[in-house]
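**Student:** Going by the numbering used here, the first residue of the sequence shown is number 17, and it counts up by one from there. This is the structure, below, for whatever I ask next.
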Amino acid sequence: MSHNLEACKDQVDFPKTVRFVFPGDIILMTNEGHLQYFDGSSHRWRTLTKDKRFHSYSVIETTRRTSLVVIGSVCGLIKLISLDGSTEFEEQLFDGKVLSLSLLEQEDDEKKVHLLANGPDGILIFQQLVLSQKSWSTANTRKFYLPPKKQCWLTTACLLDNVSLLICGDRGGTLHVYDLQSSKSSPEAVPATQSFHRIHSKAGLTHICYHDNSVYTCGRDGYYRMFQVTSSRLHMLQSNRVMKGLDWLTRFIKLGDSLLIIGFYMEQLLVYNLSQSELLVAIPCGGGHRAWDFVLNNDPGSSETMQNRSQPLDGSSGQFVYIKRKDVVLCDVELSSRCNVLKGSFCVKSPNGLNPTVSDFYETWTNCSFFSPENVRVINATVPKRSQSEVCGKTEEVKFHTLRSGIKTWDIKSICSRHEQEKFNIAEKVL
17 MSHNLEACKD
27 QVDFPKTVRF
37 VFPGDIILMT
47 NEGHLQYFDG
57 SSHRWRTLTK
67 DKRFHSYSVI
77 ETTRRTSLVV
87 IGSVCGLIKL
97 ISLDGSTEFE
107 EQLFDGKVLS
117 LSLLEQEDDE
127 KKVHLLANGP
137 DGILIFQQLV
147 LSQKSWSTAN
157 TRKFYLPPKK
167 QCWLTTACLL
177 DNVSLLICGD
187 RGGTLHVYDL
197 QSSKSSPEAV
207 PATQSFHRIH
217 SKAGLTHICY
227 HDNSVYTCGR
237 DGYYRMFQVT
247 SSRLHMLQSN
257 RVMKGLDWLT
267 RFIKLGDSLL
277 IIGFYMEQLL
287 VYNLSQSELL
297 VAIPCGGGHR
307 AWDFVLNNDP
317 GSSETMQNRS
327 QPLDGSSGQF
337 VYIKRKDVVL
347 CDVELSSRCN
357 VLKGSFCVKS
367 PNGLNPTVSD
377 FYETWTNCSF
387 FSPENVRVIN
397 ATVPKRSQSE
407 VCGKTEEVKF
417 HTLRSGIKTW
427 DIKSICSRHE
437 QEKFNIAEKV
447 L
C-alpha cells in the first residue's frame with residue numbers, strides 16, 4: 017500500500033533528498049535549502065531549518081539510534097542538526113564541495129557516532145561525535161585520502177570496531193581498507209592499506225555490510241561478495257550473482273540471522289532474501305534514478321530493538337519512501353516468505369526427476385536440493401568450486417567435472433527425520 021505525503025512542490029522549491037529517521041518519520045531536503053521533518057504519528061510536516069547555503073546542492077545523512085541529521089554544502093560546510101531543529105554545531109571542513117557524508121554508529125556505545133566526510137581531491141575526514149551533557153562535540157579527527165582518479169568520491173562506508181578498520185567503497189567500484197590504529201599519530205592524510213581495484217566494475221560499489229563475522233559488498237554489476245577479515249586485511253571468499261537480470265544492487269538489510277538485499281530491476285524495487293534465495297517483494301517505483309530510502313519497522317539499528325537479534329522473517333515489515341515527479345511517496349512493505357514457491361528458477365533447463373536434485377552454476381557454486389514429501393520444503397546444500405562445466409549422477413554418487421581441477425566426486429547421504437529438517441552429509445573426493 018502506498019500513499020503520497022503532501023510536501024512542498026512548486027517551480028522553485030521541491031523535494032530533492034529523502035531519508036528515514038525512524039519508521040514512519042522522514043527527513044526531507046528541498047531545493048531551496050529547507051530541511052523538513054514528517055512526524056509519522058501526527059502525519060504532519062514541520063520545518064526544522066532554512067538555510068540558503070544549502071540551496072540547489074546538499075548531501076544529507078541520518079542516524080536512527082541518535083536522531084541526528086548532518087548536511088553538507090557545495091562550499092564545504094557541514095551542519096549537525098537534531099530533530100527539535102536546534103543546530104548542534106557547524107564546521108567548515110573543505111574549501112570545495114562536500115561530495116558524500118556517512119554517519120557510522122558504534123555498536124558498543126550508543127553515545128558515540130563517527131562522521132566520515134568526503135571532499136575535493138579524494139580527501140576523507142573521519143571524526144568522532146561524542147554526546148556529553150546533552151550536546152554533541154567532535155574528537156579524534158583523522159584524515160585519509162582516496163587514490164587519484166576520475167570518479168574520486170565515496171558511495172558507502174562501514175566501521176569495524178573490533179579490528180579498528182574503516183572499509184570504504186567509491187563510485188569507481190573500488191573497495192578500500194583503512195587502518196584506524198596506524199592513523200592515530202599521523203597529522204597528514206593516510207592512504208589505504210589495501211584496495212580491490214574495480215571489484216564491482218566501473219558502475220560503482222553501493223553498500224558494505226558486516227554480518228555474521230564477514231564483510232559483504234554489493235554494486236551495480238549484479239554481484240555481491242563476501243570477505244573474511246584476517247590480520248587487519250580482507251580476503252575474498254565468495255562472489256555470487258543474486259538473480260538473472262538484477263544488476264542494480266543497492267543495499268543490504270540485516271534481519272535476525274537472515275541477510276536481505278535491495279535492488280532495482282527495470283521500474284521495480286526488489287527485496288531478495290540471500291539466506292533462502294527467495295524474492296520477497298517487488299514494488300513499482302519507476303526505477304533507481306531517484307531519491308529513496310528503506311527501513312524495517314523492527315529496525316535493529318534503533319535503540320528499542322537492539323535486544324531482539326533473532327527476529328524471524330515471517331511477520332516482518334518495512335517502509336519504502338521515494339520521490340517521483342516531485343511527489344514524496346510512502347509504501348508499506350510486507351516481507352513474509354512466499355510459501356507457494358518451493359524454489360525459484362535455479363536451472364536454465366528443467367531438472368530431471370532425481371532426489372536429491374543437483375544443479376550447476378558457472379560462477380561459484382553447485383546447488384543440491386532435496387524435496388521431502390513429509391515437509392514440503394527445499395533443503396539446500398552448496399558446494400564451492402571453480403568453473404564447472406558438467407554435472408552427472410551415478411547410483412549413490414554425484415560426479416562433477418571441472419575445467420581447472422579435473423574430476424571431483426561427492427558422496428551425498430540424506431539424513432531424514434519426520435520431525436526435523438532434512439540434512440546433507442557431503443564428503444569431497446578428488447580424483
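A virtual CB, placed ideally from N, CA and C, is assigned to each residue, including glycine. Remember, predicted model here, so these are calculated numbers, not experimental data.
Whose C-alpha, out of Q108, H59 and I76, is nearest the C-alpha of L44?
**Tutor:** Counting from 1 along the sequence shown, the entry for residue 44 is found at position 28. Comparing Cα-Cα distances from L44 to each of Q108, H59 and I76, the minimum goes to I76.
**Student:** Exposed or buried, L271, counting other C-beta atoms within 10 Å across all chains shown (16 or more means buried)?
**Tutor:** On the sequence shown, position 255 is the one that residue 271 refers to. It counts as buried.
**Student:** As a quick exercise: from C91, L96 and S217, pick the residue whose alpha carbon is nearest that of T79.
**Tutor:** What you label residue 79 is simply residue 63 of the sequence shown in a count that begins at 1. Answer by Cα proximity: L96.
**Student:** By Cβ distance, which residues of its chain are closer than 7 Å to V37, with the 5 residues on each side in sequence left out?
**Tutor:** Against the sequence shown, residue 37 aligns to sequence position 21. Cβ neighbours of V37 beyond the five flanking positions: I43, T78, R80, S83 and L99.
**Student:** Since K340 sits in a beta bridge, which residues does DSSP pair it with?
**Tutor:** Stepping through the sequence shown from its first residue, residue 340 is reached at position 324. According to DSSP, K340 bridges with D343.
**Student:** V28 by DSSP, collapsed to three states: which one?
**Tutor:** Along the sequence shown, read from residue 1 onward, the residue named residue 28 stands at position 12. Of the three classes helix, strand and coil, the one that applies to V28 here is coil, per DSSP.
**Student:** Among H50, G40 and R35, which has the Cα closest to the Cα of C24?
**Tutor:** Here residue 24 corresponds to residue number 8 of the sequence shown, with the count starting at 1. Closest by alpha carbon: H50.
**Student:** Rounding to the nearest angstrom, what Cα-Cα distance links S148 and G88 in this structure?
**Tutor:** As a working note, residue 148 is residue 132 in the sequence shown. As a working note, residue 88 is residue 72 in the sequence shown. Cα to Cα, the separation comes out at about 23 Å.
**Student:** Taking DSSP as the reference, what is the three-state secondary structure of R214?
**Tutor:** Position 198 of the sequence shown, counting from 1, holds the residue named residue 214. Residue state, collapsed to three classes: coil.
**Student:** When the Cα atoms are used, what is the spatial distance from K150 to K128?
**Tutor:** For the purposes of this step, residue 150 is taken as residue 134 along the sequence shown, with counting starting at 1. For the purposes of this step, residue 128 is taken as residue 112 along the sequence shown, with counting starting at 1. Cα to Cα, K150 sits roughly 13 Å from K128.
**Student:** Could you check the C-alpha separation between P203 and N156 for me, to the nearest Å?
**Tutor:** Here residue 203 refers to the residue found at position 187 when the sequence shown is read from its first residue. Here residue 156 refers to the residue found at position 140 when the sequence shown is read from its first residue. Taking the straight line joining both Cα atoms gives about 11 Å.
**Student:** On the DSSP letters alone, give me the boundaries of the beta strand (DSSP E) that K240 sits inside.
**Tutor:** The sequence position of residue 240 within the sequence shown is 224, counting from 1. First, the residue type needs correcting, since residue 240 is Tyr and not Lys in the sequence shown. Its beta strand (DSSP E) spans residues Y239 to T246.
**Student:** DSSP state of R69, grouped into three classes?
**Tutor:** Here residue 69 corresponds to residue number 53 of the sequence shown, with the count starting at 1. If DSSP states are grouped into helix, strand and coil, R69 belongs with the helices.
**Student:** For D273, which of helix, strand or coil comes out of DSSP?
**Tutor:** On the sequence shown, position 257 is the one that residue 273 refers to. In the structure shown, D273 sits in coil (DSSP, three-state: anything other than H, G, I, E or B).
**Student:** Suppose you measure from the CA of Y240 to the CA of C168; what does that come to, to the nearest Å?
**Tutor:** Here residue 240 corresponds to residue number 224 of the sequence shown, with the count starting at 1. Here residue 168 corresponds to residue number 152 of the sequence shown, with the count starting at 1. Approximately 22 Å between the Cα atoms of the pair.
**Student:** Report yes or no: do the segment 305-314 and the segment 244-261 share at least 3 C-beta pairs separated by less than 8 Å?
**Tutor:** The segment 305-314 vs the segment 244-261: no contact.
**Student:** Verify whether the separation of the beta carbon atoms of A173 and I224 is less than 9 Å.
**Tutor:** Reading the sequence shown from its first residue, position 157 is the one you call residue 173. Reading the sequence shown from its first residue, position 208 is the one you call residue 224. In contact: A173 and I224 (Cβ atoms closer than 9 Å).
**Student:** Whose C-beta lies closer than 6 Å to the C-beta of F105 among residues of the same chain, with five residues either side of it excluded?
**Tutor:** As a first step, residue 105 must be located in the sequence shown, where it is residue number 89. Cβ within range, chain order: L96.
**Student:** Is the Cβ-Cβ distance between L182 and L176 less than 9 Å?
**Tutor:** The count along the sequence shown starts at 1 and reaches residue 182 at position 166. The count along the sequence shown starts at 1 and reaches residue 176 at position 160. It is a contact, given that the beta carbons lie within the stated cut-off.
**Student:** Tell me the rounded alpha-carbon separation between S116 and Q335.
**Tutor:** Here residue 116 refers to the residue found at position 100 when the sequence shown is read from its first residue. Here residue 335 refers to the residue found at position 319 when the sequence shown is read from its first residue. Spanning the two alpha carbons is a distance of roughly 24 Å.
**Student:** Can you tell which of S291, L286 and F280 has the C-alpha that lies nearest to the C-alpha of D273?
**Tutor:** Taking the sequence shown and counting its residues from 1, the one referred to as residue 273 is at position 257. Of S291, L286 and F280, the residue nearest in Cα terms is S291.
**Student:** Could you tell me the distance, in whole angstroms, from the CA atom of D237 to the CA atom of S248?
**Tutor:** Numbered from its first residue, the sequence shown carries residue 237 at position 221. Numbered from its first residue, the sequence shown carries residue 248 at position 232. Going by the C-alpha atoms only, they are around 27 Å apart.
**Student:** What's the call for H130, buried or exposed, on a 16-neighbour Cβ count within 10 Å?
**Tutor:** Taking the sequence shown and counting its residues from 1, the one referred to as residue 130 is at position 114. With 16 or more Cβ atoms within 10 Å of its Cβ, H130 is classed as buried.
**Student:** Is it right to say P31 is buried, meaning 16 or more other beta carbons lie within 10 angstroms of its own, or is it exposed?
**Tutor:** One-based indexing of the sequence shown puts residue 31 at position 15. So P31 ends up on the buried side.
**Student:** Mark E22 as exposed unless 16 or more other C-beta atoms lie within 10 angstroms of its C-beta, in which case mark it buried.
**Tutor:** For the purposes of this step, residue 22 is identified with residue 6 of the sequence shown, where counting begins at 1. So E22 counts as exposed.
**Student:** Does the Cβ-Cβ distance between H227 and F160 come in under 9 Å?
**Tutor:** Within the sequence shown, numbered from 1, the residue matching residue 227 stands at position 211. Within the sequence shown, numbered from 1, the residue matching residue 160 stands at position 144. No.
**Student:** Find the nearest neighbour of R341 within the set Q143, S332 and G302, judged by alpha-carbon distance.
**Tutor:** By 1-based counting over the sequence shown, the position of residue 341 is 325. With distances taken between Cα atoms, R341 lies closest to G302.
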